[in-house]
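First the structure, in the form of structure tokens, and then the observations on it.
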Amino acid sequence: MRWVLGLLCLFVLPTGSGAGSLEDPWTDKAWELIPGMTSAGLSAEGWRNTSSSGLSWPDGRRAVISYWQLETGNAPFTLRCISSFDVNLQPTGDKCYQPKEAL
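Counting in numbering that gives the first Met the number 0, the sequence shown runs from 0 upward without gaps.
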């Protein structure tokens with residue numbers, strides 16, 4: 000029973016104040032928003048999807064976090080996108096972020 004309480008403390012309580020929000024509280028510390036950039040746009044421009052993960056809320060909303068990579072001259076460049084959907088799987092948002100330089 001203690002492990003259940005521990006899991007609740009780790010995963011449920013920290014999100015309590017932002018319940019319903021799809022924003023990552025750490026995004027502004029490590030990732031910078033790229034205005035106008037979307038995962039659909041990255042796909043159309045030839046970026047490669049390297050990984051993705053889906054999330055769902057009890058009320059039926061969903062989000063997909065995806066990582067995209069483009070091979071540049073020296074090293075691959077990675078972006079992270081968060082695509083959100085309502086209970087009918089209609090898109091409600093799509094934002095992409097680039098890593099900030101050094102933290």
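Backbone N, C-alpha and C fix where the C-beta goes; we use that ideal spot for every residue, glycine too.
What did DSSP end up calling residue i once you bin it into helix, strand or coil?
i     : result
Ala62 : strand
Leu41 : helix
Val86 : coil
Lys94 : strand
Gly72 : coil
Along the beta strand (DSSP E) that carries residue i, what are the first and last residues, could you check?
i     : result
Glu31 : 30-32
Please look up how many angstroms separate the CB atoms of residue i and residue j, rounded, as I've assumed it's under 8 Å.
i     : j     : result
Ser51 : Ser65 : 4 Å
Cys95 : Ser38 : 7 Å
Arg60 : Ser83 : 7 Å
Glu31 : Gln97 : 5 Å
Val63 : Gly72 : 30 Å between Cβ atoms; not a contact.
Pull the bridge partners of residue i from the DSSP assignment, please.
i     : result
Asn48 : Trp67
Gly53 : Val63
Excluding sequence positions up to five away, which residues of its chain have a Cβ less than 6 Å from the Cβ of residue i?
i     : result
Arg47 : Gln68
Ala74 : none
Quick one: residues in its chain with C-beta nearer than 7 Å to the C-beta of residue i, no 5 flanking neighbours on either side, listed in chain order?
i     : result
Pro57 : none
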